[in-house]
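To start, the structure itself, in structure tokens.
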Amino acid sequence: MALTAVKGFNDILPVESGRWHFIEQTARKVFELNGFEEIRVPVLEKTELFSRSIGDATDIVEKEMYTFTDKGENSITLRPEGTAGVMRAFIEHKLYAQDPIAKLYYMGPMFRYERPQKGRYRQFHQIGAEITGVTDPLADAQVLNMLTAFFREIGLTEPTLQINSLGCPECRPEYRVSLRSFLEEKMGQLCDDCRRRFAANPLRTLDCKVPGCAEATAGAPSVLDHLCGGCNDHFATVRRYLDLSATPYSINSRMVRGLDYYTRTTFEMVTMLLGSQSAVAAGGRYDGLIAQLGGPAIPGIGFAMGLERVALLLTNQDFASRPDLFIATMGEGERDVAFSLMDALLKSGIRVEMDYEGKSLKSQMRRADKLKAYYSVVIGGNEASSGKAAFKRMADGFQTEALLTVAAIQVLLNTTEQ
RNA sequence: GUGGCCAUGGUGAAGCGGUUAACACAUACGACUGUGACUCGUACAUGCGAGGGUUCAAAUCCCUCUGGCCACCCCA
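Sequence positions in the first sequence follow this note's numbering and run 3 to 420.
This is the structure:
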């Protein structure tokens, strides 16, 4: 094996790219309908951006980032997620001065140094959307509805929406205290990982998959019972709006986020189909993030979805595009006629293929079949001089005489349902 | 970072110590002298992830490395 790609970095081959385009185009359509505009930010940022936003103690920052020192001795990092960079740009360009309410979406590669696995790679792609400047639960509901609409648009009903509220800097500390004191009693029953989590991030013990831990934490206090008045009202209103729009969801009070900046509403689109990579999209509110990054005190909410994971859920569909017409030729002079015809058809937006190598008619017809052309036509001496030819519908072999003109061919293609 | 499983051509694979690495699909050309799909024929791994070792003999046994998959961790 000569040269291979870097571990966890994948090529998206032509057989896959049709599916990717479909996902990306659907996202653009749904997001733009909701008033979101694309923002394109760099793949590389100063390391500090991520340690300050995602959180120093998170696994992502602690051990999963591609961090390097560049030739100017600056510590730089390949973005492990999208929100931080988008908010950096929002602050840097003072987008809030024009309008504190910004609705932004982005798509592109993210990088995390993890052990590759099904639905998880070191370079992976996310499509995300963010709304800044709105505290009202209306924004939460619109984001959730938009995410739901996206999955409906691409034809997936499988991932289901789970929501939770993590509270705010007011009420979360109190919850942590009460959860810790509950867990202290159960220490003996917890797994090693959970004992470690107890210190670092006690909320994490709640979604441990070890049966013993699940049992031990069964009666644990719920975040939702410890929300302060404001957070409680906020969450209740989010739910009311979701009900108003008949958006299906379930509440999962054990759902936890891996990034530190989340507050209040958090959510995931989860599926059973991808093994342990059950989260296809996830996000939440981050009311303190912009200020934390040195911007004004503007709230935000958003999500990101994993393109690879969505693509994995779509594998049964065929997204290949097919030529409208394949032109086969007999003889050198006729190739000029065929080429001119192809050129004219392409200029009119008709997808045409023809033989490139002067192969036998049989080879050309085989190629027409392989490319799944809707029609084929043979241009030889007779056709070149008469200016008309028999167009063969490949599906059933039916042939129709038509003039070798763009107009006549357009009519022919349009009268047949493709 | 931890653990389990696996590595034969473009693909799916047979082979389980002994001359030319089965079969199928895919691909190329042809039988069909102006027409695809069906049928038939021919071609297509000096090579069995890489490197060592055992043996008269290794794709087949042993070791190391590399890679892949899956699970844990974590996460989109």
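Positions of the beta carbon are idealized from the N, C-alpha and C atoms, including for glycine.
Beta-carbon spacing of residue i, residue j below 9 Å
i, j, result
"Gly286", "Thr265", "yes"
"Met344", "Val380", "no"
"Met109", "Leu314", "no"
"Thr268", "Arg259", "yes"
"Gly10", "Pro118", "yes"
"Asn12", "Gln125", "yes"
"Ile162", "Val312", "Looking at the sequence provided, one finds Thr at residue 162 rather than Ile. Not in contact: Thr162 and Val312 (Cβ atoms no closer than 9 Å)."
"Leu373", "Ile352", "no"
"Arg81", "Phe38", "no"
Bounding residues of the beta strand (DSSP E) (the contiguous stretch that carries residue i)
i, result
"Val380", "Tyr377 to Ile381"
"Gln144", "No beta strand (DSSP E) contains Gln144, which is instead part of the alpha helix (DSSP H) from Pro139 to Glu155."
"Val225", "Taken as a continuous stretch (DSSP letters only), Val225 belongs to no beta strand (DSSP E), as it is neither H nor E."
"Ala392", "Lys390 to Arg395"
Assigned secondary structure, residue i (DSSP; H/G/I helix, E/B strand, else coil)
i, result
"Tyr98", "helix"
"Gln420", "Residue placement at Gln420 is flagged as unreliable, the pLDDT there being 47, under the threshold of 50; the coordinate-derived value follows with that caveat. Gln420 falls in the coil class under three-state DSSP."
"Tyr68", "strand"
"Gly110", "strand"
"Ile421", "As shown, the chain starts at 3 and ends at 420. That puts residue 421 outside it, with no answer to give."
"Ser365", "helix"
"Met189", "helix"
"Ala313", "helix"
"Ala404", "strand"
"Gly87", "helix"
"Ser77", "strand"
"Ile426", "The structure shown does not extend to residue 426, since the chain is modelled only from 3 to 420, so the question has no answer here."
"Gly286", "strand"
"Ser183", "helix"
"Ser252", "strand"
"Arg124", "coil"
"Glu385", "helix"
"Tyr412", "Note that residue 412 is Gln in the sequence shown here, rather than Tyr. Gln412: helix per DSSP, three-state reduction."
Residue environment, residue i, which counts as buried when at least 16 other CB atoms sit within 10 Å
i, result
"Phe52", "buried"
"Arg198", "exposed"
"Gln420", "Because the pLDDT of Gln420 is 47, which lies under 50, any placement of that residue in the model is unreliable, and the number read from its coordinates should be weighed accordingly. With fewer than 16 Cβ atoms within 10 Å of its Cβ, Gln420 is classed as exposed."
"Glu83", "buried"
"Thr134", "buried"
"Gln164", "buried"
"His95", "exposed"
"Leu363", "exposed"
"Tyr358", "exposed"
Extent of the continuous alpha helix (DSSP H) run through residue i
i, result
"Ala293", "Leu291 to Gln294"
"Ser19", "Pro16 to Leu35"
"His236", "Gly231 to Leu246"
"Leu163", "From DSSP, Leu163 is part of no alpha helix (DSSP H) but of the beta strand (DSSP E) over Thr162 to Ser167."
"Val258", "Segment: none, Val258 is in no alpha helix (DSSP H) and carries neither H nor E."
"Met274", "Run containing Met274: none; DSSP gives neither H nor E here."
"Lys349", "Glu334 to Lys349"
"Cys170", "Looking at the DSSP string, Cys170 is not in any alpha helix (DSSP H), and its letter there is neither H nor E."
"Phe200", "Asp194 to Ala202"
"Pro213", "Pro213 to Ala218"
Beta-bridge pairing of residue i - partner residues as DSSP gives them
i, result
"Val45", "Paired residues: none, contrary to the question."
"Phe328", "Glu355 and Ser378"
"Ala281", "Val272"
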